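Chemist: Residues in the sequence shown are numbered consecutively from 1, following the numbering used here.
Have a look at this one before I ask anything.
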Amino acid sequence: MLERRFSLGPWGEDELPAVLENLAGAYQPKKFALCEVDRDGDKVADARIYLWGLDFSRAPGGDGPGAVFVSPHGWTGNSDSAEGALECFSLIRDLRLVWL
1 MLERRFSLGP WGEDELPAVL ENLAGAYQPK KFALCEVDRD GDKVADARIY
51 LWGLDFSRAP GGDGPGAVFV SPHGWTGNSD SAEGALECFS LIRDLRLVWL
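Structure, rendered in structure tokens:
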């Protein structure tokens, strides 16, 4: 579950926007992309985005979302982590993980 408690309250209404901004910033997912590389011999001939994702850093054994992703073609999926998605899709493509 993604729910995390963040409490230093109580707060007044005037303080609440800053508190919520800090909360969202502290627990924001990390953005990533898997980029596909095409080679011509030992040189890179082309590269493209294979998928975009958000990694929520699921704790081992946890039930959070892990990493969720979408391809430029519209298919979606999830994995334990960005590294897990890389490991899986690297079986069929030459991919690189890029943290954004």
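Note that CB positions come from ideal geometry on N, CA and C, so glycine has one too.
The structure presented is a predicted model; accordingly, all values stated were derived computationally and were not measured.
1) Measuring CB to CB, does Phe89 end up less than 8 Å from Tyr27?
2) Would you kindly work out how many angstroms separate the C-alpha atoms of Asp46 and Leu91, rounded to a whole number?
3) Can the beta-carbon of Leu34 be found closer than 8 Å to that of Ala85?
4) Considering only DSSP beta bridges, list what Val101 is partnered with.
5) Which one or two residues does DSSP pair with Leu51 in a beta bridge?
6) Nearest to Asp40 by alpha carbon, out of Leu100, Asp94, Trp99 and Val98?
7) Counting along the chain, where does the beta strand (DSSP E) carrying Phe69 start and finish?
8) Looking at C-alpha atoms only, which residue of Glu87, Gly12, Glu21 and Lys30 is the closest neighbour of Arg58?
9) Can you tell which of His73, Ser81, Arg48 and Thr76 has its C-alpha closest to the C-alpha of Gly61?
10) Could you check whether Trp52 and Val37 sit closer than 8 Å to each other, using their CB atoms as the reference points?
Modeler: If we stick to the structure as given:
1) It is not a contact, given that the beta carbons lie outside the stated cut-off.
2) Cα to Cα, Asp46 sits roughly 19 Å from Leu91.
3) Yes, they are a contact pair.
4) What the structure shows of the chain is the stretch from 1 to 100, and residue 101 is not part of that stretch, so it cannot be assessed.
5) The partner list for Leu51 (beta bridge, DSSP) reads Leu34.
6) The shortest Cα separation from Asp40 among Leu100, Asp94, Trp99 and Val98 belongs to Asp94.
7) From DSSP, the beta strand (DSSP E) with Phe69 extends over Ala67 to Val70.
8) Of the candidates Glu87, Gly12, Glu21 and Lys30, the residue whose Cα lies closest to the Cα of Arg58 is Lys30.
9) Ranking the options by Cα distance to Gly61, first place goes to Ser81.
10) No, the Cβ-Cβ distance between Val37 and Trp52 is not below 8 Å.
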